[in-house]
Amino acid sequence: MAVLEKRRALGFAACALASSLWGCGFFFGKIALAEMGFAHMVLYRFLFAMVVLLPLLVTHRPGLNRREWGLLVVASFMGVPLQFLIQFYGLSITTVSHAALMVGTMPVILAVGAAVFAHERMDWVGWVALAGSTCGAGLIALGGGLHAKGGATLAGDALVVVSLLIALFWILFNKELMGRHSHIVVTAYGLLLGTLMLMVWVPVRYGMPPVAGVSVKAWLALAASGVLCTAATTLLWNWGMTQVPASQAGVLLNMEPLIGSLLGVIVLGERLGPSAWVGGGLILASAVTLTTRSKTRVREDMALAG
1 MAVLEKRRAL
11 GFAACALASS
21 LWGCGFFFGK
31 IALAEMGFAH
41 MVLYRFLFAM
51 VVLLPLLVTH
61 RPGLNRREWG
71 LLVVASFMGV
81 PLQFLIQFYG
91 LSITTVSHAA
101 LMVGTMPVIL
111 AVGAAVFAHE
121 RMDWVGWVAL
131 AGSTCGAGLI
141 ALGGGLHAKG
151 GATLAGDALV
161 VVSLLIALFW
171 ILFNKELMGR
181 HSHIVVTAYG
191 LLLGTLMLMV
201 WVPVRYGMPP
211 VAGVSVKAWL
221 ALAASGVLCT
231 AATTLLWNWG
241 MTQVPASQAG
251 VLLNMEPLIG
261 SLLGVIVLGE
271 RLGPSAWVGG
281 GLILASAVTL
291 TTRSKTRVRE
301 DMALAG
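Residue numbers for the sequence shown follow the UniProt record's numbering, so the first one is 1 and each next one is one higher.
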C-alpha cells in the first residue's frame with residue numbers, strides 16, 4: 001500500500017510539472033509568434049520535440065496491433081494538428097485573458113469526460129476541489145491581461161473550447177492505450193504521427209515555414225517550446241496518467257494559467273490584481289486537497305503497481 005501511495009504521489013507530481021511546463025508554452029509561443037504565423041510556429045514546435053524523442057523511437061519497439069495503431073492514429077490527429085492548430089488560431093483572434101479563462105475549463109471537461117467515457121466517479125471532495133480550481137483559473141484570467149491589445153471575440157473563445165474538447169479525447173485515448181503499452185511508446189509514436197501530419201498539412205495550406213530572417217531569440221523560444229513544453233510535458237503527463245485517475249489529474253491542468261500569470265509578472269513586468277493572487281491560492285489549495293483527501297472510484301481497479 002505504501003508503494004502504491006508513493007507512485008500515486010509521483011503521478012500527481014508528474015502531472016503538475018507537465019501542466020506547469022505547458023504554462024510556459026504560451027510565453028515561448030508569444031516570442032515566436034512575433035516572427036511567424038501560428039501554423040508555422042506549431043510545426044516548428046513539434047519538429048524540435050521530435051529531435052528529443054527520436055532516440056526513444058529507436059530503443060522502444062511499438063508492439064501495437066492493427067486496432068491499436070488505428071486508435072493511436074486517431075488520437076495523434078486529434079491531439080496534435082487538430083487541437084493545436086485550432087487552439088492557436090483561436091488564441092490569435094481573442095485576448096489572452098479570455099483564452100486563459102477557457103483553458104481553465106479543461107479540468108471540468110476532463111472530469112466529466114472521464115466520468116462518462118472511463119466510468120470514473122469522484123467523491124464530493126474531488127468535485128469541490130475541481131470547482132475551486134476552476135474558479136481560481138477564472139480569477140487569474142480576469143485579474144490579468146485586462147489591458148491587452150485587441151478585443152475578445154466569441155469565435156476565438158469558442159475555438160479554444162473546441163480545442164479543449166478535442167484534447168479530452170486525445171487524453172482518454174492515450175490512457176486506454178497506456179493500459180497495455182508503455183507511456184514512452186504511446187508518447188513517442190503518437191507525437192511522431194502527429195508531426196508527420198503537420199509536415200504534410202502546414203506547407204500545403206500555409207506555405208513553407210520561414211527560415212531566413214528568424215532571430216536567434218525566436219529559434220531558442222521554439223526549441224524550448226518543443227523540448228520542454230511538448231516532449232517533456234507529454235512524457236510526464238502520460239506517465240502520470242498511468243498512476244492516477246484522469247478526473248483527479250485534470251485539476252492540475254490549472255497550473256498552466258497560474259504559471260503563465262507568474263511569468264507575466266516576473267518576466268514581462270505585468271501587474272496582477274488581488275483577484276489573480278486569490279485565484280492562484282485557490283488553485284494550489286484545490287490541488288493539495290484533491291491529491292491528499294479525495295478518493296476516486298473507477299470501473300476496475302487501476303493497475304498502479306504496473
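Just so it is clear, CB atoms sit at the ideal spot from N, CA and C, and this is done for glycine as well.
- prompt: Rounded to a whole number of angstroms, what is the C-alpha to C-alpha distance between S19 and L168?
  reply: Translated into the one-based positions of the sequence shown, residue 19 becomes position 19. Translated into the one-based positions of the sequence shown, residue 168 becomes position 168. Approximately 15 Å between the Cα atoms of the pair.
field: Cα-Cα separation between A148 and L17, rounded to whole angstroms
entry: Locating residue 148 in the sequence shown gives position 148, where the first residue counts as 1. Locating residue 17 in the sequence shown gives position 17, where the first residue counts as 1. Since pLDDT at A148 reaches only 44, below the 50 mark, its modelled position is unreliable, and no value is offered.
- request: Tell me, to the nearest whole angstrom, how far the beta carbon of V80 is from that of G194; I am working on the premise that it is less than 8 Å.
  value: Here residue 80 refers to the residue found at position 80 of the sequence shown. Here residue 194 refers to the residue found at position 194 of the sequence shown. Right, the Cβ-Cβ distance comes to about 3 Å (below 8 Å), so this counts as a contact.
field: Neighbourhood of F77 by C-beta, 8 Å cutoff - its chain only, sequence neighbours within 5 removed
entry: Locating residue 77 in the sequence shown gives position 77, where the first residue counts as 1. Here the set comprises L193, G194, M197.
query: Do the CB positions of F88 and T230 come within less than 9 Å of each other?
result: Within the sequence shown, residue 88 is the residue found at index 88, counting from 1. Within the sequence shown, residue 230 is the residue found at index 230, counting from 1. It is not a contact, given that the beta carbons lie outside the stated cut-off.
query: Where W219 and T233 are concerned, what is the direct C-alpha to C-alpha distance, given to the nearest angstrom?
result: What you label residue 219 is simply residue 219 of the sequence shown in a count that begins at 1. What you label residue 233 is simply residue 233 of the sequence shown in a count that begins at 1. Each residue's alpha carbon lies about 19 Å from the other.
message: Taking the straight line between their C-alpha atoms, what separation do you get for V42 and G29?
response: Counted from its first residue, the sequence shown places residue 42 at position 42. Counted from its first residue, the sequence shown places residue 29 at position 29. Those two C-alpha atoms are separated by around 9 Å.
field: Residue closest to L139, alpha-carbon to alpha-carbon, out of V278, T289, L82, S286
entry: Here residue 139 refers to the residue found at position 139 when the sequence shown is read from its first residue. Residue V278 is the option with its Cα nearest to L139.
message: How far does the alpha helix (DSSP H) with V216 in it extend, from its first residue to its last?
response: Taking the sequence shown and counting its residues from 1, the one referred to as residue 216 is at position 216. Here the alpha helix (DSSP H) through V216 covers 216–226.
task: Give the straight-line distance between the Cα atoms of S215 and L222, rounded to the nearest whole angstrom.
output: Working through the sequence shown from its first residue, we reach residue 215 at position 215. Working through the sequence shown from its first residue, we reach residue 222 at position 222. Per the coordinates, the alpha-carbon of S215 lies some 11 Å from the alpha-carbon of L222.
message: Looking only at its chain, what residues have a beta carbon closer than 6 Å to the beta carbon of M36, apart from the 5 residues adjacent to it on each side?
response: Residue 36 sits at position 36 when you count from the first residue of the sequence shown. Cβ contact annotation for M36 (same chain, cutoff 6 Å, sequence separation greater than five): P210, in chain order.
field: For V52, the nearest candidate out of S225, W124, V267 (CA to CA)
entry: The residue labelled residue 52 in the question sits at position 52 within the sequence shown. Check the Cα spacing between V52 and each of S225, W124, V267: the tightest is with S225.
- prompt: How would you label N65, buried or exposed, when you count the other beta carbons within 10 angstroms and need 16 or more for buried?
  reply: In the sequence shown, counting from the first residue as 1, residue 65 sits at position 65. It counts as exposed.
task: Go ahead and label I86 buried or exposed: buried means 16 or more other beta carbons lie within 10 angstroms of its beta carbon, across all protein chains shown.
output: Translated into positions along the sequence shown, residue 86 becomes position 86. When all chains shown are included, I86 counts as buried.
task: Please say whether L130 and S286 have beta carbons closer to each other than 9 Å?
output: Counted from its first residue, the sequence shown places residue 286 at position 286. Counted from its first residue, the sequence shown places residue 130 at position 130. Taking 9 Å as the Cβ cut-off, S286 and L130 qualify as a contacting pair.
query: What are the boundary residues of the alpha helix (DSSP H) that includes S92?
result: Your numbering for residue 92 matches position 92 in the sequence shown. Segment 83–92, the alpha helix (DSSP H) holding S92.
Nearest neighbour of G113, chosen from V128, W170, A212 [CA to CA]: Within the sequence shown, residue 113 is the residue found at index 113, counting from 1. If we check each option's Cα against that of G113, W170 comes out closest.
Rounded separation between A303 and G213 - CA only: The residue given as residue 303 occupies position 303 in the sequence shown. The residue given as residue 213 occupies position 213 in the sequence shown. Summary for A303: the model assigns pLDDT 37, below 50, so the residue's position carries little reliability, and this model does not support an answer.
query: Less than 9 Å separating the beta-carbons of L282 and G90?
result: As a first step, residue 282 is located in the sequence shown; it is residue number 282 there, counting from the start. As a first step, residue 90 is located in the sequence shown; it is residue number 90 there, counting from the start. Going by beta carbons, L282 and G90 fall outside the 9 Å limit.
field: From I93, G136, T187, W124, residue whose alpha carbon lies closest to that of M106
entry: For this step, residue 106 is matched to residue 106 along the sequence shown. Nearest option by C-alpha distance: G136.
query: Straight-line CA distance for L187 to K6?
result: Along the sequence shown, one-based indexing puts residue 187 at 187. Along the sequence shown, one-based indexing puts residue 6 at 6. Rather than Leu, the amino acid found at residue 187 in this sequence is Thr. CA-CA distance, T187 to K6, rounds to 23 Å.
- request: With a threshold of 16 other CB atoms inside 10 Å of the CB of W22, please say whether the residue is buried or exposed.
  value: The count along the sequence shown starts at 1 and reaches residue 22 at position 22. Buried, by the Cβ-count rule.
query: Any heavy atom of the ligand FMN closer than 8 Å to the Cβ of V74?
result: Within the structure as shown, the ligand FMN is missing, as the structure has no ligands at all.
- prompt: On the premise that M241 lies in contact with M178, defined as a C-beta separation below 8 Å, what is that separation, rounded to the nearest angstrom?
  reply: Here residue 178 refers to the residue found at position 178 when the sequence shown is read from its first residue. Here residue 241 refers to the residue found at position 241 when the sequence shown is read from its first residue. Yes, M178 and M241 are in contact; Cβ-Cβ is about 7 Å, under 8 Å.
- prompt: Can you round the beta-carbon distance between V202 and A39 to whole angstroms, since I take them to be within the 8 Å contact cut?
  reply: Mapped onto the sequence shown, residue 202 falls at position 202. Mapped onto the sequence shown, residue 39 falls at position 39. At roughly 5 Å, the Cβ-Cβ gap stays under 8 Å, so V202 and A39 are in contact.
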